[in-house]
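Contents: one structure, followed by commentary.
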Amino acid sequence: MLQEYPPRYGPEWGSGGIFGLKYFKGVLYYTLAFEASAYFVDDEIIEYRFSELGPGPASGGDTYNAVDVVDDKIYFGGWVHNPAVFKGKKDFAGEIDFRNKYSHVHEYDIKERRMKLLWKDSIHDEFRWAGEVSQIIYDPVKDVLLIGRSDGMENLGVYELSRDGGSFIKLSDVPALKGSLYLDYACFDMQPNWMIGVDGIQCLDLVRRVWVRHEVGDWAESSLDGYGVLYRTSGYAVSAYTRYWHFMRGGVLVGNPVEPEVEKPVFVRLFDFGMNVYAPHRSNALNLGGGILAVFNAGTHGFIHPHEGSPEEVDLRRYFNTIAAPTTLVYITPPQARILAVFGARITSMTKAGSRILLAYNTTPNLGGKDSTPIDSGVRGIMSVDEYSLVSSSNPPLTIRVHGWAVGDSCFGGVPLTGYKEAELIIRSSKPNEIIINSYDIGLPPLNYGSERYKLSEGVNRIDLKGYRNVVSFKLEKLDADALINVYLS
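1 is the number of the first residue of the sequence shown in this note's numbering; add one for each residue after it.
Written out as structure tokens, the structure is:
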């Protein structure tokens with residue numbers, strides 16, 4: 001069902017997208033947000049509007065790709081307003097009511113073509129909501145579902161849900177947005193503070209039923225290029241090469257969080273553009289050809305109308321609405337990372353169907369502040385690409401534009417150069433300065449090749465990057481808020 005979905009009724013913030021894409025046993029599943037429509041497509045199309053949660057009209061659905069499959073069952077979760085309540089607009093700003101917002105987990109039986117609500121939760125508050133279901137991991141040892149919840153104000157952490165829905169038990173109080181199986185563990189992020197982001201990784205031993213937690217502490221010490229990372233909000237996680245990979249804004253944490261003495265998790269900076277929303281948010285990765293296909297989105301979140309009296313949100317409007325680069329698909333096959341394709345605002349979900357890769361896209365971010373509207377304001381759709389053509393194609397041209405006020409005096413970049421014939425860094429500097437270029441790979445373990453300094457004069461400075469073959473990050477010696485930094489790859 002490869003089609004586009006134009007803006008339609010679905011009260012929420014900005015736009016949702018197509019989430020949970022999963023092709024399994026001849027059935028393609030996905031949820032369309034914010035219309036709150038779940039689709040199951042084989043030789044016919046079954047549409048489910050979450051009638052088990054309320055009378056409708058509904059909005060929401062899923063915005064984190066909370067789905068897993070077991071036997072002949074598809075388990076899908078997320079959150080739904082049912083019925084949705086749009087409170088109206090004052091001038092240009094709109095608001096919604098959260099009293100009918102439910103977190104949920106459903107089961108779809110492929111053989112019987114039957115839907116079943118396994119569990120739901122709501123705190124019925126006008127302004128606050130219970131933790132959304134953002135991750136579902138099947139535990140094959142105990143034959144239960146593990147549920148991650150971090151987006152919300154109450155009922156956050158990791159939970160265990162029986163497959164018949166009869167038992168729902170909290171296993172961890174630490175908010176967890178995303179995770180993955182890793183060896184015989186189920187690992188999740190630890191994200192107690194939404195603005196700061198990931199603090200470490202918590203792993204449930206599926207045999208002993210005990211938690212093993214790895215707190216990063218000093219991110220500069222754990223970072224391959226030796227610098228810290230701000231706003232480490234969680235993206236998605238995968239397991240590959242007997243390592244756990246957790247992608248977040250700024251890069252990826254890779255290693256062994258269960259036994260760090262074997263291989264301590266290392267932070268590898270990737271596509272870090274400072275105070276900017278460019279990140280692997282609200283998407284997923286695929287294990288493809290033994291490697292990892294990862295998405296870094298250009299514009300997942302945005303602000304237009306901040307809350308009154310909130311200077312922080314006024315600042316966020318500037319940061320969130322500045323696009324640094326197109327969305328990129330990156331293929332990680334250690335020791336290299338290679339850019340395969342570039343797209344528009346964001347890729348929200350991916351799945352493999354035979355030799356095809358299905359990519360769900362959206363033209364519009366999820367908004368915040370007082371940007372609620374009665375309709376989903378994005379154009380969403382699904383496109384199909386050939387698997388071999390994607391991984392064997394030449395690198396696409398890419399332009400990156402970074403402002404000095406966005407990166408300050410922090411390290412930024414993390415741009416994979418593998419496969420590019422031409423690579424140039426152009427800095428328009430408002431004063432004499434220096435820039436540090438760090439070079440490293442994404443091998444296992446990752447390796448730092450060192451750094452070089454380049455003097456900058458006031459005006460336009462050009463640095464040829466063709467001598468670098470791996471990943472490069474940058475740091476201005478002195479803060480230059482008026483600087484403009486461009487990277488051109490072809």
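Backbone N, C-alpha and C define an ideal beta-carbon position, used for all residues, glycine too.
Worksheet item: When you compare each of D386, G381, E47, D225 to S355 by their alpha carbons, which one comes out closest?
Response: Here residue 355 is taken as the residue at index 355 of the sequence shown, counted from 1. Considering only D386, G381, E47, D225, the residue with the shortest C-alpha distance to S355 is D386.
Worksheet item: When burial is assigned at 16 or more other CB atoms within 10 Å of the CB, is G166 buried or exposed?
Response: To locate residue 166, count along the sequence shown from 1; it is residue 166. By the neighbour-count rule (16 or more Cβ atoms within 10 Å), G166 is not buried but exposed.
Worksheet entry | L53 - containing alpha helix (DSSP H), residue span | The residue you call residue 53 lines up with position 53 of the sequence shown. No alpha helix (DSSP H) holds L53; DSSP gives it neither H nor E.
Item to complete: Below 8 Å on the Cβ atoms is my guess for Y75 versus L145; work out the distance and round it to an integer in Å.
Response: For the purposes of this step, residue 75 is identified with residue 75 of the sequence shown, where counting begins at 1. For the purposes of this step, residue 145 is identified with residue 145 of the sequence shown, where counting begins at 1. Confirmed, about 6 Å.
Worksheet entry | One or two residues paired with M248 in a DSSP bridge | Stepping through the sequence shown from its first residue, residue 248 is reached at position 248. Paired residue(s): S234, G251.
Worksheet item: With burial defined as no fewer than 16 other Cβ atoms inside 10 Å of the residue's Cβ, what is the status of Y468: buried or exposed?
Response: Within the sequence shown, the letter at position 468 stands for residue 468. Answer is buried; the Cβ neighbour count reaches 16.
Worksheet item: Do you know offhand how far P6's Cα is from A33's?
Response: Mapped onto the sequence shown, residue 6 falls at position 6. Mapped onto the sequence shown, residue 33 falls at position 33. Rounded to the nearest angstrom, the two C-alpha atoms are 11 Å apart.
Discussion item. Taking only three categories from DSSP, how would you classify R243?
Written reply: Your numbering for residue 243 matches position 243 in the sequence shown. Judged by DSSP in its simplified three-state form, R243 adopts strand.
Practice prompt. Would you kindly report the start and end of the unbroken beta strand (DSSP E) that includes R453?
Written response: As a working note, residue 453 is residue 453 in the sequence shown. Note, R453: beta strand (DSSP E), 448-456.
Worksheet item: Among residues of its own chain, excluding the 5 on either side of I357, which ones have a beta-carbon nearer than 8 Å to its beta-carbon?
Response: Looking up residue 357 in the sequence shown gives position 357. Excluding residues within five positions, the ones whose Cβ falls inside 8 Å are L286, L288, L293, M350, T351, S384, V385, D386, E387, L390.
Fill in: Where P140 falls: helix, strand or coil (DSSP)
Taking the first residue of the sequence shown as 1, we reach residue 140 at position 140. In this structure, DSSP gives P140 a state outside helix and strand, which the three-state scheme calls coil.
Practice prompt. Determine the burial state of V238: buried for a count of at least 16 other Cβ atoms within 10 Å of its Cβ, exposed for fewer.
Written response: Within the sequence shown, the letter at position 238 stands for residue 238. A buried status is given to V238, since no fewer than 16 other beta-carbon atoms sit within 10 Å of its beta-carbon.
Discussion item. Less than 9 Å between the beta carbons of V258 and H246, yes or no?
Written reply: Counting from 1 along the sequence shown, the entry for residue 258 is found at position 258. Counting from 1 along the sequence shown, the entry for residue 246 is found at position 246. Not closer than 9 Å, so no.
Worksheet entry | Inter-residue spacing [alpha-carbon to alpha-carbon] between D71 and V295 | Stepping through the sequence shown from its first residue, residue 71 is reached at position 71. Stepping through the sequence shown from its first residue, residue 295 is reached at position 295. Rounded to the nearest angstrom, the two C-alpha atoms are 28 Å apart.
Fill in: Status (buried if at least 16 other CB within 10 Å, exposed otherwise) for T31
As a first step, residue 31 must be located in the sequence shown, where it is residue number 31. That one is buried.
Fill in: Unbroken stretches of the beta strand (DSSP E), 3 residues or longer, contained in the stretch 143-221
Listed in chain order, the complete beta strand (DSSP E) runs (minimum 3 residues) inside the stretch 143-221 are 144-149, 157-162, 168-172, 179-182, 185-190, 200-205, 211-215.
Discussion item. Suppose you measure from the CA of P280 to the CA of N433; what does that come to, to the nearest Å?
Written reply: Numbered from its first residue, the sequence shown carries residue 280 at position 280. Numbered from its first residue, the sequence shown carries residue 433 at position 433. Going by the C-alpha atoms only, they are around 31 Å apart.
Practice prompt. Please work out which residues of its chain come closer than 7 Å, Cβ to Cβ, to K87, disregarding the five sequence neighbours upstream and downstream, and give them in chain order.
Written response: As a first step, residue 87 must be located in the sequence shown, where it is residue number 87. Closer than 7 Å at Cβ, skipping near neighbours: E95, I96, D97.
Worksheet item: Is there contact here, the stretch 413-423 with the stretch 324-340, by at least three beta-carbon pairs under 8 Å?
Response: With a cut-off of 8 Å, the stretch 324-340 and the stretch 413-423 count as touching, because enough Cβ pairs lie within range.
Worksheet item: Would the beta-carbon of K178 fall within 9 Å of that of G148?
Response: By one-based count along the sequence shown, residue 178 stands at place 178. By one-based count along the sequence shown, residue 148 stands at place 148. Result yes, Cβ atoms of K178 and G148 sit closer than 9 Å.
Practice prompt. Between the Cα of F92 and those of V277, E132, E308, spot the shortest distance and give me the residue it belongs to.
Written response: Taking the first residue of the sequence shown as 1, we reach residue 92 at position 92. Per the Cα distances, E308.
Discussion item. If contacts are defined as beta-carbon pairs under 8 Å, then G414 and V471 qualify, I think. What distance do you get, rounded to the angstrom?
Written reply: The count along the sequence shown starts at 1 and reaches residue 414 at position 414. The count along the sequence shown starts at 1 and reaches residue 471 at position 471. Between G414 and V471 a beta carbon distance of about 6 Å is seen, short of the 8 Å cut, so the two are scored as contacting.
Worksheet entry | Identity of the residues DSSP links to H301 by a beta bridge | Taking the sequence shown and counting its residues from 1, the one referred to as residue 301 is at position 301. Among the bridge pairs identified by DSSP, H301 is matched with N366.
Worksheet item: For L320, which three-state DSSP category applies?
Response: For this step, residue 320 is matched to residue 320 along the sequence shown. Per the sequence presented here, residue 320 reads as Phe, with Leu not at that position. In the structure shown, F320 sits in a helix (DSSP, three-state: H, G or I).
Worksheet item: If you count every other CB in all the chains shown that lies within 10 Å of the CB of L479, and 16 or more means buried, which is it?
Response: As a first step, residue 479 is located in the sequence shown; it is residue number 479 there, counting from the start. Residue environment: L479 is assigned as exposed (fewer than 16 neighbouring CB atoms within 10 Å of its CB, all protein chains considered).
Worksheet item: Residue range of the beta strand (DSSP E) that Y23 falls in?
Response: Numbered from 1 along the sequence shown, position 23 holds the residue referred to as residue 23. Here the beta strand (DSSP E) through Y23 covers 17-24.
Worksheet item: Hey, quick one: how far does the beta strand (DSSP E) through V266 stretch, first residue to last?
Response: Mapped onto the sequence shown, residue 266 falls at position 266. Run containing V266: 266-269, per the beta strand (DSSP E) assignment.
Discussion item. With distance defined between alpha-carbon atoms, name the residue in K466, F474, V141 nearest to R209.
Written reply: In the sequence shown, the residue the question calls residue 209 occupies position 209. It is V141.
Discussion item. Out of G77, Y182, A36, which one is the CA nearest neighbour of V133?
Written reply: Locating residue 133 in the sequence shown gives position 133, where the first residue counts as 1. When only C-alpha atoms are compared, the closest one is G77.
Fill in: CA nearest to the CA of W405, picked from R282, F273, L465, S457
Reading the sequence shown from its first residue, position 405 is the one you call residue 405. The residue among R282, F273, L465, S457 with its C-alpha nearest the C-alpha of W405 is F273.
Worksheet item: Apart from the five residues just before and just after I18, which ones in its own chain have a Cβ nearer than 7 Å to its Cβ?
Response: The sequence position of residue 18 within the sequence shown is 18, counting from 1. Its chain contains Y30, L32, T348, S349, A360, R380, I382 as the residues whose beta carbon lies nearer than 7 Å to that of I18, once the 5 sequence neighbours on both sides are disregarded; these appear in chain order.
Discussion item. Among D205, P192, Y159, whose alpha-carbon lies nearest the alpha-carbon of H104?
Written reply: Sequence index remark: in the sequence shown, residue 104 carries index 104 (1-based). Selected option, being the one with the closest Cα: Y159.
Worksheet item: How many angstroms separate the CA atom of D409 from the CA atom of N276?
Response: Locating residue 409 in the sequence shown gives position 409, where the first residue counts as 1. Locating residue 276 in the sequence shown gives position 276, where the first residue counts as 1. Per the coordinates, the alpha-carbon of D409 lies some 15 Å from the alpha-carbon of N276.
Worksheet item: So is L329 buried or exposed if we call it buried at 16+ other beta carbons inside 10 Å?
Response: In the sequence shown, counting from the first residue as 1, residue 329 sits at position 329. That one is buried.
Worksheet item: With respect to the beta strand (DSSP E) encompassing S103, which residues constitute its N-terminal and C-terminal limits?
Response: On the sequence shown, residue 103 is found 103 positions in, with the first residue counted as 1. Its beta strand (DSSP E) spans residues 101-109.
Item to complete: Alpha carbon to alpha carbon, how far is R114 from E107? Give it in angstroms, no decimals.
Response: In the sequence shown, counting from the first residue as 1, residue 107 sits at position 107. In the sequence shown, counting from the first residue as 1, residue 114 sits at position 114. The alpha-carbon atoms of E107 and R114 are separated by roughly 8 Å.
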